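Asker:
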Amino acid sequence: MDFLSACCRQQGDCAVSLLLQQYQCGSTQVLFACVCKEQENEEDGARQFLEWFQGLDLRKTIRLKKRGMNVLEREMRKVAEKALRTGGRKGGVGGIFCLGEECLMFCGEGCRIYLLNTAFGQGHARRLCAISAGSGLDCREGWYMERFFLEPDVGLLLATDSLCDCVSETMMGESLSVREVVSQEQMDRHLRELCREGERKGGVGMGAVFIRTVGGAAWGS
Numbered sequence: 001m002d003f004l005s006a007c008c009r010q011q012g013d014c015a016v017s018l019l020l021q022q023y024q025c026g027s028t029q030v031l032f033a034c035v036c037k038e039q040e041n042e043e044d045g046a047r048q049f050l051e052w053f054q055g056l057d058l059r060k061t062i063r064l065k066k067r068g069m070n071v072l073e074r075e076m077r078k079v080a081e082k083a084l085r086t087g088g089r090k091g092g093v094g095g096i097f098c099l100g101e102e103c104l105m106f107c108g109e110g111c112r113i114y115l116l117n118t119a120f121g122q123g124h125a126r127r128l129c130a131i132s133a134g135s136g137l138d139c140r141e142g143w144y145m146e147r148f149f150l151e152p153d154v155g156l157l158l159a160t161d162s163l164c165d166c167v168s169e170t171m172m173g174e175s176l177s178v179r180e181v182v183s184q185e186q187m188d189r190h191l192r193e194l195c196r197e198g199e200r201k202g203g204v205g206m207g208a209v210f211i212r213t214v215g216g217a218a219w220g221s
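Just so we're aligned, residue 1 is where the sequence shown starts under this note's numbering, counting upward by one.
Set out below in structure tokens:
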């Protein structure tokens with residue numbers, strides 16, 4: 001499984017912090033994206049996640065397969081909880097970690113994650129989960145974590161509420177259609193256009209990361 005990725009952030013006093021790391025580790029594609037919109041010390045959450053990611057032994061995680069992902073999930077939970085305690089809960093924090101075809105995501109108040117695919121020949125966006133104690137996910141004090149497998153030719157959009165409140169799911173699905181957006185240049189352009197539309201409608205402190213899977217060799221677990 002390969003990945004294409006793009007990110008966009010609004011400039012200004014309420015700017016969001018974005019983190020996007022993408023590597024080829026052996027035959028496995030690795031991608032980590034994080035959005036942090038904090039009311040105070042706004043760079044702190046992103047810095048914590050970057051330091052954690054840079055300290056990972058990715059080759060060991062890949063070699064251990066399912067057991068390695070279990071360890072990764074526990075460690076990611078700890079850094080997410082720390083980021084939320086240091087301001088993320090007030091502003092917003094969310095992240096996506098892709099290791100081959102396996103994906104681990106977390107999302108707190110202020111951020112949303114959408115699955116982008118094709119339904120009936122049209123681009124379609126669906127929010128993966130709203131924070132809810134009855135969702136069946138690991139929901140802890142206003143945030144959740146989920147682990148799942150990705151298919152080829154689907155997209156993930158990680159974005160702040162301030163963007164999602166200004167653009168509809170229909171607009172997301174059409175603008176970021178995985179059927180039509182198939183190159184890095186197209187991803188960059190379409191995501192910028194979506195963010196400009198959010199800005200035109202009054203969005204402030206917006207940030208987003210767009211990820212698209214590309215068919216390829218899968219990483220088993």
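Beta carbons are placed, not taken as given, at the ideal position from N, Cα and C, and that holds for glycine. Owing to the predicted nature of the structure, the values given are computational and were not obtained by experimental measurement.
Could you name the residues of the same chain whose beta carbon sits closer than 6 angstroms to that of R147, not counting the 5 residues immediately before and after it, in chain order?
Answerer: Locating residue 147 in the sequence shown gives position 147, counting from the first residue. Take R147, set aside five residues on each side of it, and the residues of its chain with a beta-carbon closer than 6 angstroms to its own are L104, in chain order.
Asker: Using a 10 Å radius around the Cβ and a threshold of 16 neighbouring Cβ atoms, would you call F120 buried or exposed?
Answerer: Within the sequence shown, the letter at position 120 stands for residue 120. Exposed.
Asker: Would you mind working out which of G26, E169, A125, W52 sits nearest C223, comparing C-alpha positions?
Answerer: Outside the shown range of the chain, which is 1 to 221, sits residue 223, and nothing can be said about it.
Asker: State the CB to CB distance for the pair L157 and G203, rounded to an integer number of angstroms; the pair is presumed to be in contact (CB under 8 angstroms).
Answerer: As a working mapping, residue 157 is identified with position 157 in the sequence shown. As a working mapping, residue 203 is identified with position 203 in the sequence shown. Not really, about 15 angstroms apart at Cβ, beyond 8 angstroms.
Asker: Does DSSP put D188 in a helix, in a strand, or in coil?
Answerer: Sequence index remark: in the sequence shown, residue 188 carries index 188 (1-based). In the structure shown, D188 sits in a helix (DSSP, three-state: H, G or I).
Asker: How many Å lie between M187 and F149 at the Cα?
Answerer: Walking along the sequence shown from the start, residue 187 turns up at place 187. Walking along the sequence shown from the start, residue 149 turns up at place 149. For M187 and F149, the gap between their C-alpha atoms comes out near 22 angstroms.
Asker: Just the C-alpha distance for T61 and L72, rounded to the nearest angstrom, thanks.
Answerer: Indexing the sequence shown from 1 puts residue 61 at position 61. Indexing the sequence shown from 1 puts residue 72 at position 72. Looking at the two C-alpha atoms, the distance is approximately 7 angstroms.
Asker: So if DSSP puts F120 in a beta bridge, which residue, or which two residues, is it bridged to?
Answerer: Walking along the sequence shown from the start, residue 120 turns up at place 120. The partner list for F120 (beta bridge, DSSP) is empty, contrary to what the question assumes.
Asker: On the criterion of 16 or more Cβ atoms from any shown chain inside 10 Å, does R200 qualify as buried, or is it exposed?
Answerer: Numbered from its first residue, the sequence shown carries residue 200 at position 200. Result: exposed.
Asker: From L56 to L50, what distance separates their C-alpha atoms?
Answerer: Residue 56 sits at position 56 when you count from the first residue of the sequence shown. Residue 50 sits at position 50 when you count from the first residue of the sequence shown. Between L56 and L50, the C-alpha separation is close to 10 angstroms.
Asker: Kindly provide the ranges of any beta strand (DSSP E) runs that are 3 or more residues long and lie completely inside the stretch 30-88, ordered along the chain.
Answerer: For the stretch 30-88, not a single whole beta strand (DSSP E) run of length 3 or above is found.
Asker: With distances taken Cα to Cα, identify the nearest neighbour of V97 among M76, C7, C111, A83.
Answerer: Here residue 97 is taken as the residue at index 97 of the sequence shown, counted from 1. Note that residue 97 corresponds to Phe in the displayed sequence, not to Val. Of M76, C7, C111, A83, the residue nearest in Cα terms is M76.
Asker: Could you give the distance in angstroms between the alpha-carbon of L191 and the alpha-carbon of M172?
Answerer: On the sequence shown, position 191 is the one that residue 191 refers to. On the sequence shown, position 172 is the one that residue 172 refers to. Cα-Cα distance, rounded: 9 angstroms.
Asker: For Q21, which beta-bridge partners are listed by DSSP?
Answerer: Counted from its first residue, the sequence shown places residue 21 at position 21. Note: Q21 sits in a beta bridge opposite F32.
Asker: Tell me whether S183 is buried or exposed, calling it buried when 16 or more other Cβ atoms sit within 10 Å of its Cβ.
Answerer: Against the sequence shown, residue 183 aligns to sequence position 183. By the neighbour-count rule (16 or more Cβ atoms within 10 Å), S183 is not buried but exposed.
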